[in-house]
Structures are given as structure tokens and as C-alpha cells.
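Reading through the C-alpha cells given below for one structure.
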Amino acid sequence: MPKKNLVIVESPAKAKTIEKYLGRNYHVVASLGHIRDLPKSQMGIDFEHNYEPKYISIRGKGETIKNLKKEAAKVDNVYLAADPDREGEAIAWHVSHILGLPDGSKNRVVFNEITKDAVKNSFKTPRSIDMDLVDAQQARRVLDRIVGYSISPILWAKVKKGLSAGRVQSIALNLVITREKEIKAFNPEEYWTIDAEFAKGRTKFVSSFYGVNGKKKELKNNDEVKELLGQIDKNKPFDITAVVKKERRRQPAAPFTTSSLQQEANKRLNYKTRKTMMIAQQLYEGINLGKEGTVGLITYMRTDSKRISSVAKHDAAKFIHEEYGEQFAAHKPQTVKNQEGAQDAHEAIRPSSVFRTPESLKDILSRDQMRLYQLIWSRFVASQMTAAVYDTVRADIEQNGVTFRTNGSKIKFAGFTKVYDLSDAKTSKKDELPELLEGEQVKLSKTDPAQHFTQPPARYTEASLVKALEENGVGRPSTYAPTIDTIQKRYYVKLEGKSFVPTDLGEIVDALIEEFFPDIVNIDFTAQLENDLDSVEEGQKNWVTVVDEYYKPFEKELTKADSEIEKVQIKDEPAGFNCDICGAPMVIKLGRFGKFYACSRFPDCRNTKPIVKEIGVTCSKCHIGQVVEKKSKRNRLFYGCSRYPECDFVSWDRPIGRDCPKDGHFLVEKKVKGGRRVVCPNGDYEEEIQK
């Protein structure tokens with residue numbers, strides 16, 4: 006018997022899960038993402054007729070479109086169940102157009118989580134396609150196409166082929182470069198601190214210099230430190246002149262939005278933004294739980310809302326009461342405000358069922374899935390718990406007008422930290438002080454003066470760059486991962502450790518865009534555009550008007566740039582050695598993936614070599630070549646012999662040039678819990694790293 010209803014979703018993984026929930030009268034198929042888009046080979050926008058996009062079927066999607074039409078012809082009803090955001094709405098609109106479905110049909114269904122109840126309930130209230138959402142997406146797509154396809158050819162002609170520019174990526178690059186300029190312009194200033202160890206009976210504790218004669222004082226040089234220490238009589242006790250005891254409450258953080266999840270996963274799990282989104286997509290679309298079948302474990306992962314449904318709050322309260330006790334459940338969970346400009350289309354990221362604990366999934370999820378699910382689950386549960394309470398104490402310790410101040414804290418009630426302990430809120434034994442009373446005396450054990458210099462602002466990491474983009478209202482949660490990917494692929498920035506450093510090429514491109522297209526890198530201008538797109542989504546502005554307001558000034562900048570930008574010569578650097586094929590000097594060239602050695606007689610001689618960094622260790626296998634740093638296809642650092650392929654020595658960990666005293670295997674420097682150690686990969690030998 007033929008099925009009466011066809012449901013079209015984006016991914017095959019989702020299709021299987023949803024078909025199981027809906028039953029035998031529904032057939033669920035996938036569009037595999039977008040099926041129509043602007044052509045790659047041309048601008049695809051009709052500037053003479055209100056910026057009308059010239060959509061075409063995406064190359065390679067012919068078979069998918071054919072199958073969708075075939076399946077649609079067999080059924081009475083077609084439902085469009087793409088993701089619940091602007092892009093999902095646009096995909097549903099494109100599918101509707103391809104299938105020739107009547108305008109205004111109530112065939113659009115949306116759900117924030119892929120669970121049986123959520124999916125079945127969404128089919129009770131189908132709606133028509135929201136053209137305001139579609140138009141907001143169209144405006145973004147058209148603007149991105151205009152910027153990208155207008156500036157990129159200029160960069161190709163004036164700088165080098167393969168470059169690109171975009172609204173959000175240009176701001177991300179500009180943020181990295183502006184920070185680098187701040188670092189280079191920074192003038193460090195000297196300052197000193199003095200830590201002092203005091204003893205009360207047998208108990209010792211540390212205090213820091215505060216000031217003189219009751220006033221806070223900064224120590225700027227060693228002479229000031231010597232003068233101050235000269236005021237202290239080491240043989241006399243110090244008086245405790247003030248003790249202030251307070252109770253401090255720390256509230257839990259809100260559940261995750263897309264950007265806060267990306268930031269926290271980068272800081273805690275060392276996940277790149279793209280990896281975080283890929284794993285979150287898997288958890289959202291569904292995991293096979295055995296007898297329970299395939300279930301979506303988290304709510305939709307592209308959101309900038311911190312809102313939580315009343316049902317989820319009720320379930321969380323019930324779970325916390327049962328698992329931890331009544332005192333841990335917040336009677337009235339704190340109200341959190343969304344960031345200005347947040348769309349609030351659906352909930353924050355949370356587990357679809359709080360009762361599905363990470364522990365219950367430990368044998369089902371992969372390691373990466375488990376770590377991210379644990380993070381999401383813990384953050385959500387913690388957000389519905391009571392505050393953590395700390396007893397804090399501050400004591401002033403004085404002698405001859407010199408004051409040291411000590412601060413301590415001790416956890417009084419764990420609250421939400423029982424589930425989600427913030428790394429910067431952890432208390433340790435060193436924070437705990439002996440009982441100190443005003444009027445008591447303590448003895449000075451030793452002083453420890455230390456010279457410091459003020460530090461420049463830190464370079465951006467993935468987490469801090471996402472945070473900066475979000476705080477400045479640039480882009481949307483779904484754009485951060487591809488933006489960060491693009492500026493790395495174009496070799497505008499590179500990662501040193503976890504920090505972004507601009508390349509020479511990135512600085513050239515940024516300087517050109519900043520000079521000739523100032524609005525592109527103007528944060529306020531771009532943030533206003535995001536607000537305008539939100540207004541289109543809310544039906545308050547026409548998308549054509551928004552595009553026109555943006556394009557008119559941009560068109561003038563384009564004309565000026567095309568005529569005034571001079572050809573940028575990226576000069577080759579001498580490599581310092583000759584080509585081993587023709588004998589001509591080798592040079593350092595800049596390619597798509599960074600710098601490399603090439604023969605100066607190119608194209609007559611096409612000899613090239615990668616630039617490798619020697620670590621000063623001879624290969625332990627062939628005893629001839631040098632160990633060099635290399636990068637895997639996934640950009641992971643490893644070590645190999647410079648004579649490859651003649652010698653195939655490789656190691657993920659850095660060899661140190663010595664052999665294990667136990668079995669003669671080469672020793673490596675390895676990251677272990679608590680730092681780095683020298684270890685033998687072959688056995689149980691281990692030693693501390695010699696400074």
C-alpha cells in the first residue's frame with residue numbers, strides 16, 4: 006500500500022530517525038542540503054531588476070532532484086522539514102519551488118529536537134513557508150556573493166590568484182591583524198611584587214604586599230623594593246590589623262548558545278570550531294541507542310538564545326531533586342538575558358532528555374561524542390541548580406607601616422559545582438587560611454620579591470575570536486566555523502600553538518581592504534547590517550532595500566579600487582642554496598598553503614621543496630638524516646627523517662636525541678597529565694625535563 010505523506014529533511018541520518026517516529030503512513034527522504042544556489046561561474050545577480058538572484062540546480066544534485074520529484078508524485082501530501090533556521094527555511098523554499106508545490110501551502114514543519122514527541126507534535130501544526138525568513142537568507146546570500154565576487158577578482162589581479170574576501174572573514178582577519186599591531190606597539194612596564202610567608206603556630210600561609218601606611222602602593226623598581234624591605238624588622242612579629250569575613254555566592258552559567266559552546270569546547274576539550282559543530286550535528290541528528298532506536302540527544306545546535314522550555318526546566322528540577330537532593334535544585338532558576346541581537350528562534354543547546362545521563366551512554370558514544378555531550382549535559386543541569394557558596398576571608402597584616410594582605414576562600418556549599426565546576430572557580434588547599442583573628446600576631450618566615458613586566462594583549466585563539474565576533478555583533482553562530490576555516494585555508498593567518506598569527510599575505514590583503522573598502526572592515530557597519538537582516542526576518546524591512554543601501558556605496562568603492570590599486574609584487578626571498586637539479590639559486594615562494602622552496606628558473610625548472618624545521622636531533626634509525634617537523638594531512642604536527650623516503654622514521658612525539666637507559670629505544674618529550682615529561686615509548690621509563 007503506497008504511503009500517503011512524503012517528508013523531506015536535509016540529511017539521511019535524520020530521515021531514518023524521523024520515519025521511525027512517524028510510522029507507516031510517512032516516507033522520509035533527504036535533500037542532502039541545498040539543491041539550488043547561485044551559479045559558481047558568474048555573479049548570478051540581476052542588478053537591473055532588484056538584485057534578483059539567478060538560482061540554478063546545484064551540479065551533482067540532478068539525481069537527488071529526480072528522486073524527490075518521483076517520490077512527491079506518489080503521495081497526497083509533501084512536508085518540508087529542513088532545519089529550524091533561516092538557511093533551513095531557504096532550503097524548504099527551494100525544494101518547494103523545484104517540486105512545484107502551491108504557494109502558501111501549510112507544509113512546513115519545524116522541531117527543535119529530534120525526539121518522538123517533538124517530531125509528532127510538529128506535524129499537528131504545519132505552517133506555510135515563512136518568506137521573511139527566506140528573504141533574510143536571500144539578502145545575506147546576495148550580499149556575500151556581491152562582496153566575494155567583486156573584491157576577489159581584484160585581489161587575484163593585483164596580488165595573486167586563489168585569494169578571496171568576504172564580509173565576515175575580512176573582519177575576522179582584521180581583528181587578528183589589529184591585535185598583532187597592538188602587541189608589536191606594546192611597551193612593557195616594570196613592576197614588582199613581594200610575597201611573604203607567615204607562620205601562625207605550625208601553620209604557614211602566603212600573603213602579598215599591599216601598601217604603606219594604609220594606602221595601596223605600586224612597586225616600580227628594585228630600589229623601591231629594597232627601601233620597603235628595609236622598613237621591616239624580621240625579628241619582630243606582625244600584627245593582624247583587620248579581618249573581613251564574607252559569604253560569596255557564585256551563580257551558574259546559562260545553558261550553551263552556539264558560540265559559547267564553540268568557545269568552551271575549544272578551551273576545555275581543545276576542539277576546533279568545525280569539529281565542535283560536526284559532533285554537535287551528530288548528537289542532534291540522532292545516535293543509535295540499541296533497544297531505544299535512534300534518538301537525537303541534544304536540541305538544535307545553531308542558536309543564539311539562552312531560553313529553556315518549561316518542560317525542560319521541570320524535568321531538570323525533578324532530576325536534580327532525585328539525584329542530588331532538594332537543596333541543590335534552584336527554586337527559581339536565574340533569568341538570563343539573551344545577547345543583544347539574538348534571534349531567539351528556539352531554545353538554548355541542551356540534552357533532549359536530562360534523564361539520559363552521560364554515564365548511561367558511555368558504552369554507546371565515541372570518545373569525542375561523549376566529551377561534548379558531557380559538556381552540554383553538565384552545563385544545562387548546572388544552570389538549573391543553586392549557587393555555589395564560599396566563605397571568604399581577607400586579612401591585613403602590618404608592621405612598621407608596611408601592610409601585607411592575604412585572601413582566602415573555602416567552599417561552604419557546592420551548589421552547581423557538584424555538576425559543572427568552572428575551572429577559574431576551583432578552590433584548592435592553597436586558598437585556605439588558618440583561623441586569623443584581629444589583634445593576633447604572626448611571624449614572618451621569608452619574603453620573595455619578584456620582578457614582572459606588563460604583558461601585551463593575548464593573541465586570538467579560536468575561542469576568543471568567536472567571542473570577539475559575537476560581542477561585536479558580526480556574523481551569526483552558523484558562520485563562525487566556516488569563517489575561521491577560510492582565513493586559515495587562504496593562508497591569511499596561521500596557528501602557532503593555539504593562537505592565530507597573521508601571515509605576510511594576510512597583512513597585504515587586510516591593508517588593501519582597509520584602504521579601499523573601509524566599510525567591509527568597519528565593525529559597526531557590519532553589525533548594523535546584521536541588525537538589518539534581523540529586521541527583514543521580522544518583516545520590518547524589505548530585503549531589496551537592505552541590499553541596495555549596502556551596495557550603492559560599495560559600488561563606488563569598487564570603481565575606485567579597480568583603478569587605483571597598484572599591482573602588489575610579492576618578492577621571492579633568496580633561500581641561500583642552489584637547486585640540486587639545475588644549479589640555479591633557490592628562492593622562497595608564497596603558495597596557497599604557505600611558503601616553500603622553488604627554483605628561481607621556474608617554469609624552466611620546476612624543482613620545489615617543502616620548508617622544514619630541524620629540531621637539532623639526528624635520526625635514530627638511519628643515523629644520517631636530521632629529524633624535522635612535519636604536518637599531517639589534518640595539520641597535526643609530527644616528526645620525521647629529512648631523508649624520507651630513503652628513511653621512513655616517524656614519531657608523533659618530539660625525539661630528544663638520547664636513548665632509553667633500559668632498552669635503548671629513542672626517548673621523546675611527551676605531554677602528560679600535569680605537564681611534559683621525557684618518556685620511552687617502548688616501556689615504563691620516565692624522567693623530568695631538564696631545564
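Numbering of the sequence shown is given in my numbering, commencing with residue 6 and proceeding in unit increments. We treat Cβ as the ideally placed atom computed from N, Cα and C, and that holds for glycine.
Here the segment 204-216 makes no contact with the segment 166-181; the two share fewer than three CB pairs at distances below 8 Å. DSSP places GLU76 within a helical segment (H, G or I) once states are collapsed to three. Taking 8 Å as the cut-off, the beta carbon of GLU437 is found closer than this to the beta carbon of GLY413. DSSP places MET591 in the uninterrupted beta strand (DSSP E) bounded by 590-596. Between THR299 and LYS25, the C-beta gap is smaller than 8 Å, which places the two residues in contact. In the structure shown, SER357 adopts coil according to DSSP, grouped into three states. Looking at the backbone, the Cα of GLN446 and that of GLY406 are separated by about 15 Å. Beta-bridge partners of LYS618 (DSSP): GLU634. Annotation: the continuous beta strand (DSSP E) that includes GLU501 extends over 498-501. In the DSSP annotation of this structure, the continuous segment of the alpha helix (DSSP H) that includes ILE513 starts and ends at 509-521.
Distances from the alpha-carbon of PRO482 to those of ARG279, PRO523, VAL552, LYS9 put ARG279 closest. One Cα belongs to PHE191, the other to PRO660, and the distance between them is close to 36 Å. Straight through space, the alpha carbons of SER265 and PRO363 are spaced by roughly 20 Å. Two segments are said to touch when three or more pairs of C-beta atoms, one from each, lie closer than 8 Å; by this definition the segment 509-520 touches the segment 158-166. Boundaries cannot be given for PHE128, as no beta strand (DSSP E) includes it and DSSP labels it neither H nor E. For VAL471 and PRO462, the gap between their C-alpha atoms comes out near 16 Å.
Non-local beta-carbon contacts of PHE333 in its own chain, meaning distances under 7 Å to residues more than five positions away in sequence, involve ILE325, MET390, THR391, GLY420, LYS423 in chain order.
PRO454 is positioned such that its CB atom lies closer than 8 Å to that of VAL230.
Pairing VAL684 with LYS676 gives a Cβ-Cβ distance that is not under 8 Å. Nearest Cα to ALA20 within the set TYR289, PHE522, ASN240, GLU252: TYR289. Residue pairing by DSSP places HIS457 opposite TYR196 in a beta bridge. Boundaries for VAL100: no beta strand (DSSP E) harbours it, while the alpha helix (DSSP H) harbouring it runs 91-104, taken from the DSSP string.
Taking ILE50 as the centre and dropping the five residues before and after it, the same chain places the C-beta of LEU43, TYR56, GLU57, PRO58, LYS59, VAL147, ARG150, ILE151 closer than 8 Å to its C-beta, in chain order. The beta carbons of MET591 and SER605 sit closer together than 8 Å. Just so you know, the alpha carbons of THR508 and ILE489 end up roughly 15 Å apart. Between GLY291 and ALA87, the C-beta gap is not smaller than 8 Å, which leaves the two residues out of contact. SER310 is a Cβ neighbour of GLU352, given a cutoff of 8 Å. For PRO579, the enclosing beta strand (DSSP E) begins and ends at 578-583. Cβ atoms of ARG410 and SER213 come within 8 Å of each other, at about 6 Å. Note that the segment 128-145 touches the segment 98-112; at least 3 beta-carbon pairs, one per stretch, sit closer than 8 Å. Each residue's CA atom was taken as its position, placing GLU542 and GLN174 some 23 Å apart. The beta carbon of ARG663 sits closer than 6 Å to the beta carbons of LEU672 from its chain, once the five residues preceding and following it are set aside; these are given in chain order. When the Cα atoms are used, LYS499 and GLU202 turn out to be separated by approximately 44 Å. Look at ASP653 here: in three-state DSSP terms it is coil, with no helix or strand label. Taking C-beta separations shorter than 7 Å and ignoring five residues to either side along the sequence, the partners of VAL248 in its chain run VAL398, ALA400, LEU441, LEU442, GLU443, following chain order. Counting only unbroken stretches of 4 or more residues, the alpha helix (DSSP H) elements lying wholly within the segment 360-427 are 372-388, in sequence order.
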